[in-house]
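In this note's numbering, the protein residues as written are 12 to 441. Take a look at the structure below.
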């Protein structure tokens, strides 16, 4: 089926499984020091993403997706992986040792040429991440999960078939549906995936999940399984930050052992037709992600391909909405938290705290760095609209774009009210 002809599956969710974790493989280059928000104004709000390594402690803040992280020092981080990716089976052998392995391997071999390994640099988080993408067009339109490229300051994609690496740009994304569309620079004559119709998927149908498990690249890994249920609703998060949850509906639940790094990869049927996009999974220990190397996912979830392609079509056609952001993300360049979350004795303290969001840090070489804003200031308004919390700020920023000039009202550390003008820059996807 042509990827522009899919219809969105909008049936109401059937049940609500436990909280599970998203799985873009993430490795930080420095020890974890804090959680934070990095404001990136755009069509669908601001970045709520990834752990930002900073020397001072900043309270945990809500994020759109909480991906597993693997600190570069010590062994007490999430998963206990230290600074390495989790050990996985040889890609050519796959992630499964069931009797269906040979059949799954044959299917995976058919699908592999239409895939790319995605690697991102998280420049404002001092880290890197890896995931999977599916080639939709010969000239390099690639479908993946939004959380794979969330916070990325640069993206590369390696064509599995040829081994060639391309620079990728974000065409657009829908953070609420966890879908993103990339474009590979200079790509031509690429092999594309073959898509099926996710409306035809049935319970107990045999499936294979394929992707860049462990972020190791090379020949994709695969995992055989069955469809457990359809139209599922999940809350995607992990132990690293349980408050940073995102609700996804209409999901396909499968028993395939989806691993970190498989995110954005294909869930295929016995014909090798893509029926879903690998997105989330859980571990046997009941945690919010994969807690040890080689752990088995007891539940995994995929976005129906019809849903993903409908969003991708809107992005490709430049049809933005309240949830779909087209093009680069506008960027301010401050870390913020609710004013009431700061300690007493400073702006936003527990006694007489002002309404607004406190600037935790102004990031160097960003638009905010060229203004009078400093850590400890409290942003109270944007373009004349009151800012009461980080959530309300997100709503105000939804219609703003890179290159726009905005007016910011704020209280300085002495409590004096001031205003300033700033032109928003271009920043990472949210």
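Virtual Cβ for every residue (Gly too), placed ideally from N, Cα, C.
Distance from the CA atom of residue 125 to the CA atom of residue 265, rounded to whole angstroms, is 22 Å. Residues 383, 420, 421, 422 and 423 of the same chain have their beta carbon placed closer than 8 Å to that of residue 429, with the five preceding and five following residues left out of the count.
Assigned with DSSP and collapsed to three states, residue 403 falls in helix. If you draw a 10 Å sphere on the C-beta of residue 416, you find fewer than 16 other C-beta atoms in it, and that means exposed. Taking 9 Å as the cut-off, the beta carbon of residue 143 is found closer than this to the beta carbon of residue 275. Restricted to the segment 119 to 199, the beta strand (DSSP E) segments that are unbroken, complete and at least 3 residues in length are 126 to 133, 138 to 146, 152 to 155, 165 to 170, 176 to 185 and 190 to 195, listed in chain order. The beta-carbon separation of residue 273 and residue 236, rounded to 12 Å, does not stay under the 8 Å limit for a contact.
A straight line joining the alpha-carbon of residue 233 with that of residue 292 spans about 15 Å. Nearest to residue 209 by alpha-carbon distance, out of 246, 277 and 146, is 277. Restricting attention to 155, 141 and 150, the CA atom closest to the CA of residue 320 is found in 155. No alpha helix (DSSP H) of 4 residues or more sits fully in the segment 228 to 272. Shown here, residue 209 sits in a helix according to DSSP, grouped into three states. Looking at the backbone, the Cα of residue 346 and that of residue 211 are separated by about 45 Å.
The residue from 161, 204 and 247 with its alpha-carbon nearest to that of residue 170 is 204. Following the DSSP letters along the chain, one finds residue 319 inside the alpha helix (DSSP H) bounded by residues 316 to 327. DSSP places residue 375 in the coil class of the three-state scheme, outside both helix and strand. Taking a contact to require three or more Cβ pairs closer than 8 Å, the segment 152 to 168 and the segment 112 to 121 do not qualify as touching.
Taking C-beta atoms under 8 Å as the contact rule, residue 201 and residue 327 fail to qualify, at a distance of about 16 Å. In this structure, the beta-carbon distance from residue 121 to residue 153 does not fall below 9 Å.
Counting along the chain, the unbroken beta strand (DSSP E) around residue 220 starts and ends at 217 to 222. No residue range can be given for residue 203, since it is assigned to no beta strand (DSSP E) and is classified by DSSP as neither H nor E. Of the candidates 378, 259 and 396, the residue whose Cα lies closest to the Cα of residue 436 is 378. If you ignore the 5 residues before and after residue 133, its C-beta comes within less than 7 Å of the C-beta of 61, 139, 140, 162, 163 and 164, all in its own chain and listed in chain order. When the Cα atoms are used, residue 229 and residue 427 turn out to be separated by approximately 57 Å. Around the beta carbon of residue 318, 16 or more other beta carbons sit within 10 angstroms, so the residue counts as buried.
Within a 10 Å sphere around the beta-carbon of residue 189 sit 16 or more other beta-carbons, which makes this residue buried. Collapsing the DSSP output to three states places residue 426 in coil. Counting other Cβ atoms within 10 Å of its Cβ, residue 396 stays below 16 and is therefore classed as exposed.
With respect to the C-alpha of residue 206, the residue from 137, 399 and 287 having the closest C-alpha is 287.
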